[in-house]
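Worksheet: the structure to be examined is printed underneath.
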Amino acid sequence: MMNKNILYHLSGLSLLALLLVWGLYWNAGRPYQIKNGFERKLVKLTGASMVIGLPVAATGISFDGLRYCYFYASGLRNKVWRLDLINLKRDSLEISWPGPVKGSSNFKLMADGAHLYLQYQNQRDIFSYSLSEKRIGRHGLIKMPGQQVLTEKQRLIMRCSDFGANQPILLKQGLIAGGLQGMVRPWPDERMGLIPTDGEMHFDPVSKLLSYHYFYKNGFMVWNEDLEHLTAGKTIDTVAKGNVRVNKFGGAFTLAGPPKFINGQGCADAGKLYINAYLKADNENTRDFINHTVIDVYDMINGRYLYSFYVPVFREQKLNCFEVRAGKLICLYGNDVVIYKMKMAA
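Just so you know, my numbering puts 216 at position 210 of the sequence shown, and the rest follows in order with no gaps.
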């Protein structure tokens, strides 16, 4: 009799567990009850895709402004994989980059049509590699960059720190001997302070515009190559002030706790700014939002929101980073590069 009662209890618990799992699954497809106060204009990414494998899990993409994408891994600075976006063929380069003088070995790789550039984190030097001469050069920087992008004619635009005033500045410097020595512009939102204006910078080789979007709040800005401020736009979420706490030690400022990210990685192409959005809109299906990467698209000239689209997972992974070039969406998923021909459908 006791065994029968135990079986009844176990059966009841199993049924309850199944109902709970089903309820969670069903509820996941419904919008959250907490509203974020905005909606997305969702379009479908319908273009055909192709997959190109890499021998290692890459961590970054750099586009040269012409036809090549370069992929690199944070632990393998001497190996670079190059993808021709016209014939979609891949090869690799071996480059004996100098190591960091001290501190972090984390680096960023940048490219133009004739050179590759390697910049170590928290160092005031940048190394160049001539693709034709197979030669490495070294260039001193006026200030230590926090964010940097290459423009045409071997010029570097940097978001730098002015620690004495707790303000970021914009600095443009030429990397050719005897070229532009420096052009400095104040940051438009200088009263916000250094850390709350953390974000990401991009240069669009088509429109020749520079963009910067914030990580912790709903804002982005656009300049021309002369660092003239053109546009102050808003991303569609409603977070007007980032949830960022800052400590001050002497003349330095540090985060007092982990901030809440609103926007992630992005890119700029043909006058459009693409941003990986982290907040769900009120009109989105929760399960779709969780299982895809959401990209919001903005007009760089007038700051207007255009539309959004989902990028699917691949081999059970969300994308690490992406670029949009010449009608192609290039997505990096570790060892795999997935290229979509961008066709949008309502």
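Ideal placement from N, C-alpha and C gives every residue a C-beta, glycine not left out.
For clarity, every value in this text was computed on a predicted model and none was experimentally measured.
message = Once the 5 residues before and after Val330 are set aside, which same chain residues still bring their CB inside 6 angstroms of it?
response = Counting only Cβ-Cβ distances below 6 angstroms, and skipping sequence neighbours, we find Cys273, Asp275 and Tyr280.
ask   = If we count the other Cβ atoms within 10 Å of its Cβ and call it buried at 16 or more, is Met116 buried or exposed?
value = By the neighbour-count rule (16 or more Cβ atoms within 10 Å), Met116 is buried.
message = Using 8 angstroms for Cβ pairs, my map puts Phe267 next to Tyr218. What's the rounded Cβ distance?
response = Approximately 16 angstroms separates the beta-carbon atoms of Phe267 and Tyr218; this is outside 8 angstroms, ruling out the contact.
Touching by the beta-carbon criterion (3+ pairs, under 8 angstroms), the stretch 61 to 81 and the stretch 302 to 318 = Contact annotation: the stretch 61 to 81 does not touch the stretch 302 to 318, with fewer than three C-beta pairs closer than 8 angstroms.
query = In this structure, what does DSSP give as the bridge partners for Gly205?
reply = In DSSP, Gly205 forms a bridge with Tyr220.
key: Separation of Phe133 from Pro106, as counted between CA atoms   = Cα to Cα, the separation comes out at about 10 angstroms.
query = Among Lys140, Asp90 and Phe69, which residue has its Cα nearest to the Cα of Trp103?
reply = That would be Lys140, whose Cα lies nearest to the Cα of Trp103.
request  = Look up Thr237 in the DSSP assignment and give the residues it is bridged to.
outcome  = Note: Thr237 sits in a beta bridge opposite Val228.
task = Tell me, to the nearest whole angstrom, how far the beta carbon of Ser6 is from that of Tyr126; I am working on the premise that it is less than 8 angstroms.
result = Given that the chain is displayed from residue 7 to residue 352, the structure contains no residue 6 and the question cannot be resolved.
key: Which of helix, strand or coil DSSP assigns to Ile182   = Residue state, collapsed to three classes: coil.
key: Glu100 - partner residues in DSSP beta bridges   = Beta-bridge pairing links Glu100 to Lys85.
ask   = Which first and last residues belong to the beta strand (DSSP E) in which Asp70 is found?
value = Bounds of any beta strand (DSSP E) do not take in Asp70, whose DSSP letter is neither H nor E.
request  = Go through its chain and collect everything with a Cβ distance to Pro194's Cβ below 8 angstroms, but skip five positions before and after it.
outcome  = These residues qualify, in order along the chain: Met227, His235 and Ala238.
request  = Kindly list the residues whose CB is nearer than 6 angstroms to the CB of Lys286, restricted to its own chain and excluding five residues on each side of it in sequence; keep chain order.
outcome  = Cβ neighbours of Lys286 beyond the five flanking positions: Phe295.
inquiry  = Which of the three DSSP states is assigned to Thr292 in this structure?
reply    = Thr292 falls in the helix class under three-state DSSP.
request  = Can you tell me which of the three DSSP states Tyr123 falls into?
outcome  = Tyr123 falls in the strand class under three-state DSSP.
query = Under the three-state reduction of DSSP, which class applies to Tyr346: helix, strand or coil?
reply = Reduced to three states, the DSSP call for Tyr346 is strand.
message = In the DSSP output, what is Pro106 paired with across the bridge?
response = Bridge partners of Pro106: none, in fact.
query = For Lys50, is the classification buried or exposed, using 16 other Cβ atoms within 10 angstroms of its Cβ as the cut-off for buried?
reply = Exposed, by the Cβ-count rule.
task = With DSSP collapsed to three states, give me the class of Gly188.
result = Three-state result, Gly188: coil.
query = Under the DSSP definition of a beta bridge, which residues are partnered with Thr244?
reply = Looking at the DSSP assignment, Thr244 forms no beta bridge with any residue, so it has no partner.
Residue from Ile67, Ala54 and Pro192 with nearest C-alpha to Leu325 = Selected option, being the one with the closest Cα: Ile67.
task = Please determine, among Asp305, Val343, Ile148 and Met348, the residue with the shortest C-alpha to C-alpha distance to Cys75.
result = Closest by alpha carbon: Val343.
query = Exposed or buried, Ala283, counting other C-beta atoms within 10 Å across all chains shown (16 or more means buried)?
reply = In this structure Ala283 is buried. Its beta-carbon is surrounded by 16 or more other beta-carbon atoms within 10 angstroms.
task = Quick one: using the 10 Å Cβ neighbour count with 16 as the cut-off for buried, is Gln154 buried or exposed?
result = Around the beta carbon of Gln154, a 10 Å sphere encloses 16 or more other beta carbons of the protein chains shown; the residue is thus reported as buried.
request  = For Arg144, I'd like the list of residues in its chain whose CB is within less than 7 angstroms of its CB, leaving aside the five on either flank, ordered along the chain.
outcome  = Same-chain partners within the cutoff: Asp131 and Phe133.
task = Report the option in Asn269, Asp204, Ser138 and Lys214 whose CA atom is closest to the CA atom of Leu156.
result = When only C-alpha atoms are compared, the closest one is Lys214.
key: Length of the line joining the Cα atoms of Leu72 and Thr241   = Between Leu72 and Thr241, the C-alpha separation is close to 29 angstroms.
inquiry  = Distance check for Leu89 and Asp302, CA to CA, integer angstroms please.
reply    = Approximately 26 angstroms, taken between the alpha carbons.
ask   = If you count every other CB in all the chains shown that lies within 10 Å of the CB of Asp97, and 16 or more means buried, which is it?
value = By the 10 Å Cβ count, Asp97 comes out exposed.
inquiry  = Which residues does DSSP list as the beta-bridge partners of Val330?
reply    = According to DSSP, which records beta bridges pairwise, Val330 is partnered with Leu335.
inquiry  = Nearest by alpha-carbon distance to Thr65: which of Tyr304, Leu82, Met207 and Arg321 is it?
reply    = Thr65 has its Cα closest to that of Leu82, out of Tyr304, Leu82, Met207 and Arg321.
request  = For Ile92, collect the residues of the same chain with a Cβ closer than 8 angstroms to its Cβ; drop the 5 residues on either side in sequence, then sort them by chain order.
outcome  = Excluding positions up to five away in sequence, the list reads Arg73.
message = Since Lys334 and Met350 should fall inside the 8 angstroms C-beta cutoff, what is the C-beta to C-beta distance between them, to a whole number of angstroms?
response = So it is not a contact: roughly 13 angstroms between Cβ atoms.
key: Short CB-CB distance (under 8 angstroms) between Glu100 and chain B   = In the structure shown, chain B does not exist; there is a single protein chain.
ask   = Which whole-angstrom value is the C-beta distance of Glu100 and Asn112, which I expect to be below 8 angstroms?
value = About 21 angstroms; that fails the 8 angstroms criterion.
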